[in-house]
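**Student:** Quick note, the sequence shown lines up with residues 390 to 746 if you use our numbering.
By construction, the Cβ of each residue, glycine as well, lies at the ideal position given by its N, Cα and C atoms.
Keep in mind the model is a prediction, meaning the values are calculated, not measured.
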Amino acid sequence: MKFVIATLPGDGIGPEITEQACAVLNKVGQLYGHSFEFKEYLVGGAAIDKVGEPLPAETLAGCLASDSVLLGAVGGPKWDNLTGDIRPEQALLGLRGELGLYANLRPAVLYEALRDACLLRPDLIGDGIDIMVVRELTGGIYFGDSGRRQGPNGEEAYDTELYSEMEVERIARTAFEIAMKRNKRVTNVDKANVLESSRLWRSVVLRVAEDYPEVELNHLYVDNASMQLIRDPHQFDVIVTTNMFGDILSDEASMITGSIGMLPSASLGEGRFGMYEPIHGSAPDIAGLDKANPIATILSAAMMLRYSFDLEAEAQAVENAVIQVLDAGYRTGDIFSPGMKLVSCKEMGTLIAEALK
Ligand code: IPM
Ligand code: MG
């Protein structure tokens, strides 16, 4: 089959990790008889530097004309002092909003070979960690009304958390559907003891749950959830939560699996189109040094094969290749431990491509 993939390398380590993910996809294409056509577009700081805006119309149009999008990372100190709407991060929000990608899947999996890189005590790790964070991605405080005004005590600024029933219903459904294919447990995370938006959120989740009687549903307030993730990660299978809480909890979940350099993500809407990106940032401190861990981006490409192209066998082949290379002791700096073989970003990508079967 033939697929067109818009690649948005972006800033910092974005270009080097994206290159490795494309190399792995090319190898998948050779082995399984698919053709992936990559079309590269500007995004983030790189786009600000070249054309003065983080998400050029050409980039958005290119993404819309593709079968899926592979994004590296955006942002960096160079653009940190820019005002609200010309920050690199605006590109991400623009893409998510404009492409209607309301469901963000962030799997946090601890690979057996990386047990030593995990920050939790071995007895807490038990037989491994495998959590799917389902984060709402196009609503809530990220997209609500915001602004500044003069108040009695000087300037004021505000951001608004707003959710409609429709927005909650569709993300809840995504979470329950995913849970049905996993261990049939959903934890809803909100702040319903304080926020009205959370009370609506919870009532809609409860309503959707009626359609999934096989799924066990529980609710946690976000403060408690952040504690429980460390105290006993095994209690979680699928977590469904708001844009803001999901942002925070997915970073936390990534850390208990060892390195944020390992975690992929998929952003989906209705239909098969999706955007795939590592959950980590642009790591400007190691940009261009060939030291970055490309695994999160390679695993994001695997998610693309699974969710956008319906190529489950190919997705598993990529995931198995990653496991095989880790089992053989190869490590980038972020997941290195004594006795392992330190490799560069490019070497890691090549090893994974070569391990593909
Ligand atoms: C993420 C990032 C983004 C977010 C930033 C860069 C806008 O932290 O994808 O988790 O907050 O969603
Ligand atoms: Mg984040």
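In chain order, what are the residue ranges of uninterrupted beta strand (DSSP E) at least 3 long that sit wholly in the region 569-627?
**Tutor:** 574-579, 605-610
**Student:** Report the residue ranges of all beta strand (DSSP E) runs contained in full by the region 638-709; include only those spanning at least 3 residues, in chain order.
**Tutor:** 653-657, 663-667
**Student:** Looking at isoleucine 628 and the ligand IPM, is the gap between the Cβ and the nearest heavy atom below 8 Å?
**Tutor:** no
**Student:** Rounding to the nearest angstrom, what Cα-Cα distance links glycine 533 and glycine 461 in this structure?
**Tutor:** 26 Å
**Student:** Can you tell me whether glycine 677 is buried or exposed? The criterion is at least 16 other CB atoms within 10 Å of its CB, across all chains shown.
**Tutor:** Classification for glycine 677: exposed.
**Student:** Rank Asp716, Ile724, Glu487, Arg571 by C-alpha distance to the C-alpha of alanine 681 and give the top, closest one.
**Tutor:** Ile724
**Student:** Taking just the CA atoms, how far does glutamate 405 sit from proline 727?
**Tutor:** Cα-Cα distance, rounded: 25 Å.
**Student:** Of the residues Gly528, Leu745, Lys746, which one's Cα is nearest the Cα of leucine 490?
**Tutor:** Nearest C-alpha to leucine 490: Gly528.
**Student:** Enumerated in chain order, which unbroken segments of the alpha helix (DSSP H) with a length of 4 residues or greater are wholly contained in the region 487-563?
**Tutor:** 511-514
**Student:** Helix, strand or coil, according to DSSP, for leucine 444 in the structure here?
**Tutor:** coil
**Student:** Using 9 Å as the threshold, is the C-beta distance between alanine 704 and leucine 740 below it?
**Tutor:** no
**Student:** Pull up the DSSP beta-bridge partners for alanine 462, would you.
**Tutor:** Answer by DSSP bridge pairing, in chain order: Gly399.
**Student:** Checking the sheet assignment: what are the DSSP bridge partners for glutamate 429?
**Tutor:** Answer is Thr396.
**Student:** In the DSSP assignment, find the unbroken alpha helix (DSSP H) run with alanine 742 in it and report its ends.
**Tutor:** In the DSSP assignment, alanine 742 falls within the unbroken alpha helix (DSSP H) covering 734-744.
**Student:** Aspartate 674: buried (16+ other C-beta within 10 angstroms of its C-beta) or exposed?
**Tutor:** exposed
**Student:** Considering only their Cβ atoms, is the gap separating tyrosine 430 from threonine 448 smaller than 9 Å?
**Tutor:** Yes.
**Student:** May I have the straight-line CA-CA distance separating aspartate 519 from threonine 576, to the nearest angstrom?
**Tutor:** 14 Å
**Student:** Tell me whether aspartate 400 counts as near the ligand MG, meaning its Cβ is closer than 8 Å to at least one heavy atom of that ligand.
**Tutor:** no
**Student:** Assign histidine 669 to buried or exposed, taking buried as 16 or more other Cβ atoms, counted over all protein chains shown, within 10 Å of its Cβ.
**Tutor:** Burial call: buried.
**Student:** Would the beta-carbon of isoleucine 649 fall within 9 Å of that of valine 611?
**Tutor:** No; because the gap between Cβ atoms is not below 9 Å, this pair is not in contact.
**Student:** How is threonine 630 classed by DSSP in three states: helix, strand or coil?
**Tutor:** Strand, per DSSP.
**Student:** Within this structure, are the beta carbons of aspartate 626 and alanine 568 separated by less than 9 Å?
**Tutor:** Against a cut-off of 9 Å, the Cβ pair of alanine 568 and aspartate 626 comes out as a contact.
**Student:** Let me check understanding here. Comparing Cα to Cα, which of Ser733, Arg720, Ala690, Pro477 lies closest to alanine 395?
**Tutor:** Ala690
**Student:** Assuming leucine 657 contacts tyrosine 719 (C-beta within less than 8 Å), just tell me the rounded distance between them.
**Tutor:** At roughly 31 Å, the Cβ-Cβ gap does not stay under 8 Å, so leucine 657 and tyrosine 719 are not in contact.
**Student:** With 16 other CB atoms within 10 Å as the buried threshold, where does arginine 596 fall?
**Tutor:** exposed
**Student:** Have a look at the DSSP bridge pairing and note the partners of lysine 391.
**Tutor:** Ser424
**Student:** For the pair the region 548-566 and the region 486-501, tell me if three or more CB-CB distances fall below 8 Å.
**Tutor:** yes
**Student:** Could you check the C-alpha separation between leucine 694 and valine 458 for me, to the nearest Å?
**Tutor:** Whole-angstrom Cα-Cα distance: 11 Å.
**Student:** Any idea which residues DSSP pairs arginine 720 with across the strands?
**Tutor:** Leu731
**Student:** So, are the CB atoms of asparagine 632 and leucine 526 less than 9 Å apart?
**Tutor:** Taking 9 Å as the Cβ cut-off, asparagine 632 and leucine 526 qualify as a contacting pair.
**Student:** Quick one: is the Cβ of aspartate 699 within less than 8 Å of any heavy atom of the ligand MG?
**Tutor:** no
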